[in-house]
Every structure is written in structure tokens, then in C-alpha cells.
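Visitor: Just remember that this note's numbering sits 11 ahead of the position in the sequence shown, which is counted from 1. Backbone N, C-alpha and C define an ideal beta-carbon position, used for all residues, glycine too.
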Amino acid sequence: MPSLRSFSPTALAIALSLCAIQPAAAQGTPASAAAPTGSAQLHPWLTVAELRKLYKDKQSRFLTVGDLTIHYKDEGPRDAPVLLMVHGSESSLRTWDRITQVLKSRYRVIRFDLPSYGLSDGPTDKAVKALQPTDVPIALLDKLGVKKVTFVGVSSGGTMGMYLTARRPDMVERLILSNTPSDPVDTSHLVMPKAFLDAQARAKETGFRDQDFWNQFLSYFAGDASRISAQTRKEYYDFYRRVPEKNLIALIARIGDGKQASVEMAKIDKPAFLIWGGADPLLPESAVTAITRYLSHAQISKVVMPDVGHYPPLEVPDRFAQLIAAYVEAGTPKLPQ
């Protein structure tokens with residue numbers, strides 16, 4: 012795994028939430044630590060066990076991969092086409108709540124929390140040595156007896172999909188990718204409002220991201236901030252006041268080595284549908300051109316929504332669900348035999 016890069020305070024939020032760079036408070040922190048020291052002790056950290064009490068529901072299931080407990084949900088008819096949906100770094104499977112509600116009557120929808128996020132365990136030292144990121148979805152699909160899926164991923168969740176397809180092309184029938192990086196992410200072009208910069212500075216000082224931080228973050232990356240519900244904003248705050256993990260990003264799929272990533276992307280010869288939020292300040296419409304170039308052997312279709320930001324599944328879930336269904340049911344190019 013490539014080494015982590017250093018980022019300026021201005022890029023802190025993006026680095027830790029989109030590029031999967033771990034927050035300063037988590038670096039070198041043992042997985043068993045109760046909370047950071049100093050002023051951060053005043054903040055209401057939550058353990059994984061506490062988060063499970065708050066957010067586990069009747070659809071929640073748990074799978075052991077190596078020595079990790081992974082939270083997942085599997086909804087919809089058992090004999091229906093399967094959608095495997097993967098969230099981005101520092102998000103959770105709740106990214107797909109509304110889309111699952113819309114589609115589960117005619118699709119089997121499988122989604123899981125990536126290690127360190129949502130209600131899944133963070134990687135132990137043993138897991139870091141034994142596993143790679145794509146081992147988790149492979150183990151989940153094997154457990155469920157699912158042979159082939161349409162993979163749907165947003166942000167770094169889409170990166171997971173590209174690596175999975177390159178490794179196990181037999182498992183992935185088609186890819187649906189949303190605002191997914193194809194190069195190591197550059198944040199130097201971002202211009203952020205003072206309120207967001209102040210929230211980042213406060214998080215850097217305390218090691219804790221408060222509710223205002225997540226309000227500023229979600230509003231900045233949305234095309235229309237009013238589309239991000241109060242419930243979603245609360246969930247982001249709750250899930251990311253989780254006690255810091257030693258190996259926070261060790262099992263997150265990352266574009267760390269751009270040269271190797273381009274090799275993996277060139278292996279993909281499946282149909283790929285790019286659903287892009289064109290108002291994304293981090294990965295604007297030009298990023299669609301880049302990923303299309305790297306997916307040189309894929310059959311590309313694309314839709315750019317100019318009014319939507321970095322999180323289309325959160326911001327316009329009904330529109331996103333309609334696009335998934337239209338592509339899978341009518342718009343997919345002829346699959347290779």
C-alpha cells in the first residue's frame with residue numbers, strides 16, 4: 012500500500028473524507044484506544060458497539076472476513092438481478108437507503124459498510140497483513156452464493172468496483188460509477204468558504220469533527236445543499252465521531268499508485284456507466300474525460316448532471332435510481348460473450 016501524503020489544513024476535510032486520508036487524531040492510534048487525549052476528551056466519541064446499538068436494524072447482517080466483522084444488508088427478491096452497492100470512504104451503506112427503497116422490489120440489493128466505517132470493524136494488524144480491499148466484497152458474494160453483479164459505486168467505492176472487476180471479471184457484469192477518481196486526487200484547486208475553513212481548523216486543533224464540520228462539508232460538496240437532509244447530516248456526525256482506528260484506511264480501495272491503477276483499469280472490458288455530478292468541486296466534468304481514457308477497453312455510457320455535486324446518491328437518489336434501472340434494463344451495450 013503506498014504511503015500517505017501530507018495535506019494542508021485547507022485540504023483537510025477533502026483529504027480525510029474523499030481521498031481516504033486518515034484524520035490526524037487517528038494516526039498511530041491503537042484500535043483499542045478509548046479516545047484521543049487532551050481537549051478531544053471533551054467530545055462525545057462513540058465505539059463501534061455503541062454505534063451498532065444506535066443504528067443496527069432488522070435488515071442488518073454481519074459477516075466475518077478474516078478476523079473482521081463486516082456489516083451488510085441484502086434486500087429484494089432472491090432470484091432478481093443483483094446490484095452490489097459500495098459507498099465512498101468516510102461514508103456508510105446508508106448512502107444507498109433511498110435508492111434501495113426504490114429498487115428492491117425488482118432487484119436484489121446488496122450493500123456493506125467498508126472496514127472502519129459504518130458498523131463494520133476497523134482492520135486489525137493481522138487483517139492488514141492478510142487481506143486486500145477486494146477480499147471483502149468477494150467474501151460477501153461467496154457467502155451469499157451470488158455469482159454475478161452489477162457493481163454500483165460512488166467516489167472511492169467506485170475505485171473498489173474497478174479493482175474488483177480487474178481481479179474478478181467473472182463476478183461483475185457491468186459497472187456503474189459515480190464521481191470516482193481515476194488519478195491520485197489533487198485538492199489544490201479548491202476554493203472554500205470561511206465557515207468551512209474555520210470548521211477544518213477547529214477539527215485539526217481538537218482532533219474531532221463536530222456537527223458544524225459535517226454541515227459545512229456536505230453543503231460544500233452538494234450542488235444544492237438543501238437536498239442533504241437533516242437526518243443525513245446527523246448520521247455523518249454520529250458515524251464519524253467513532254473512536255479513531257489505527258489502520259483506518261488500510262482496506263479502502265485507493266488510487267494511490269496512478270501507474271498501477273491505470274494498468275488495472277485498462278484490464279476492464281465490461282460495460283461501464285458513468286453517472287456524474289457536474290457541480291462536484293473536487294472531480295468536475297473533466298474527470299469524466301480522464302476516467303473514460305483510462306477505461307480504454309470498457310463500453311462507456313455517461314450522464315452528467317450539471318446541478319449535482321460529489322454525492323449524487325445522497326443528493327438526487329430517485330434520479331440516480333431511475334438511471335440505474337434504465338441502464339440495466341434498456342441501455343447497457345451488448346455484453347461480451
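Less than 8 angstroms between the CB atoms is what I'm expecting for Y231 and F207, so what's the real figure, rounded?
Guide: Sure, about 5 angstroms apart at Cβ, within 8 angstroms.
Visitor: Flag this pair as touching only if the region 198-218 and the region 91-98 have three or more C-beta atom pairs under 8 angstroms; answer yes or no.
Guide: As far as the Cβ criterion goes, the region 198-218 does not touch the region 91-98, which means the pair count is below three.
Visitor: Considering only C-alpha positions, which residue in the set K137, V196 and P144 is nearest to S166?
Guide: The shortest C-alpha separation from S166 is found at V196.
Visitor: Helix, strand or coil for D235 per DSSP?
Guide: In the structure shown, D235 sits in coil (DSSP, three-state: anything other than H, G, I, E or B).
Visitor: Residues in the same chain with beta-carbon distance under 6 angstroms from P353, minus the five sequence neighbours each way, listed in chain order, please.
Guide: Outside the shown range of the chain, which is 12 to 348, sits residue 353, and nothing can be said about it.
Visitor: Is the region 54-61 in contact with the region 140-153, if contact means three or more CB pairs nearer than 8 angstroms?
Guide: The region 54-61 vs the region 140-153: no contact.
Visitor: Return helix, strand or coil for S71, following the three-state DSSP convention.
Guide: Note: S71 maps to coil in three-state DSSP.
Visitor: Would you verify that the beta carbon of P317 is, or is not, closer than 9 angstroms to some beta carbon of chain D?
Guide: Although the question refers to chain D, the structure presented lacks it and comprises just one protein chain.
Visitor: Given a cut-off of 9 angstroms on the beta-carbon distance, is the pair G234 and D291 in contact?
Guide: Yes, they are a contact pair.
Visitor: Could you name the residues that DSSP lists as bridge partners for K84?
Guide: In DSSP, K84 forms a bridge with R122.
Visitor: Select from V315, Q70, V160 and A241 the residue whose C-alpha is nearest the C-alpha of Q1.
Guide: Residue 1 falls outside the range modelled here, since the chain spans only 12 to 348, and no answer is possible.
Visitor: What does K245 pair with, by DSSP beta-bridge criteria?
Guide: Answer is none; K245 lacks a bridge partner.
Visitor: Does the beta-carbon of E101 have 16 or more other beta-carbons within 10 angstroms, so that it is buried, or is it exposed?
Guide: Buried: at least 16 other Cβ atoms inside 10 Å.
Visitor: Taking only runs of the beta strand (DSSP E) that begin and end inside the region 271-317, which ones reach a length of at least 3 residues, in chain order?
Guide: Within the region 271-317, the complete beta strand (DSSP E) runs of at least 3 residues are 282-288 and 310-316.
Visitor: Helix, strand or coil: how does DSSP classify F219 here?
Guide: Coil.
Visitor: Below 8 angstroms on the Cβ atoms is my contact criterion, and I expect K313 with L285 to pass it. Report the Cβ-Cβ distance as a whole number of Å.
Guide: K313 to L285, Cβ: 4 angstroms. Contact.
Visitor: For my contact list, N190 and P328 are in at a C-beta cut-off of 8 angstroms; report their separation, rounded to the angstrom.
Guide: The pair is not a contact, with the Cβ atoms about 14 angstroms apart (cut-off 8 angstroms).
Visitor: Of all the alpha helix (DSSP H) runs that stay within the bounds of the region 101-175, which reach a length of 4 or more residues?
Guide: Entirely contained in the region 101-175, the alpha helix (DSSP H) runs reaching 4 residues are, in chain order, 108-114, 136-141 and 146-155.
Visitor: Quick check on I187: does DSSP put it in helix, strand or coil?
Guide: Strand, per DSSP.
Visitor: For the pair the region 77-89 and the region 122-136, tell me if three or more CB-CB distances fall below 8 angstroms.
Guide: Yes: at least three Cβ pairs fall under 8 angstroms.
Visitor: What residues in its chain sit with their C-beta under 6 angstroms from that of V97, if we drop five residues either side in the sequence?
Guide: These residues qualify, in order along the chain: G164, G168 and M171.
Visitor: Taking the alpha-carbon positions, what's the F162 to P180 distance?
Guide: For F162 and P180, the distance between alpha carbons rounds to 11 angstroms.
Visitor: Using the Cα positions of Y338 and A261, report the straight-line distance between them to the nearest angstrom.
Guide: Distance between the alpha carbons of Y338 and A261 is about 33 angstroms.
Visitor: How long is the line joining the alpha carbons of I266 and R105, rounded to whole angstroms?
Guide: Roughly 24 angstroms separates the two Cα atoms.
Visitor: Are the beta-carbon atoms belonging to V120 and D85 less than 9 angstroms from one another?
Guide: Yes. Within cutoff.
Visitor: Nearest to H321 by alpha carbon, out of S237, W287, R72 and V76?
Guide: For the residues S237, W287, R72 and V76, the minimum Cα distance to H321 belongs to W287.
Visitor: Just verifying my parser: in three-state terms, what is the DSSP assignment at V352?
Guide: Outside the displayed span of the chain (12 to 348) sits residue 352, for which this structure offers no information.
Visitor: Quick check on D227: buried or exposed, where buried means 16 or more other Cβ atoms within 10 Å of its Cβ?
Guide: The sequence given here has Gln at residue 227, not Asp. Flag for Q227 reads buried.
Visitor: If you compare alpha carbons, which of R330, Y305, S103 and E296 is closest to V315?
Guide: Among R330, Y305, S103 and E296, the Cα nearest to that of V315 belongs to E296.
Visitor: Tell me the DSSP bridge mates of M96?
Guide: Paired residues: R122 and V163.
Visitor: Helix, strand or coil for R178 per DSSP?
Guide: In this structure, R178 counts as helix in the three-state DSSP scheme.
Visitor: With a CB to CB cut of under 7 angstroms and the five nearest residues on each side skipped, what residues in its chain are close to Y66?
Guide: Cβ neighbours of Y66 beyond the five flanking positions: L130.
Visitor: Are there 16 or more other CB atoms within 10 angstroms of the CB of S116, so buried, or fewer, so exposed?
Guide: Burial call: exposed.
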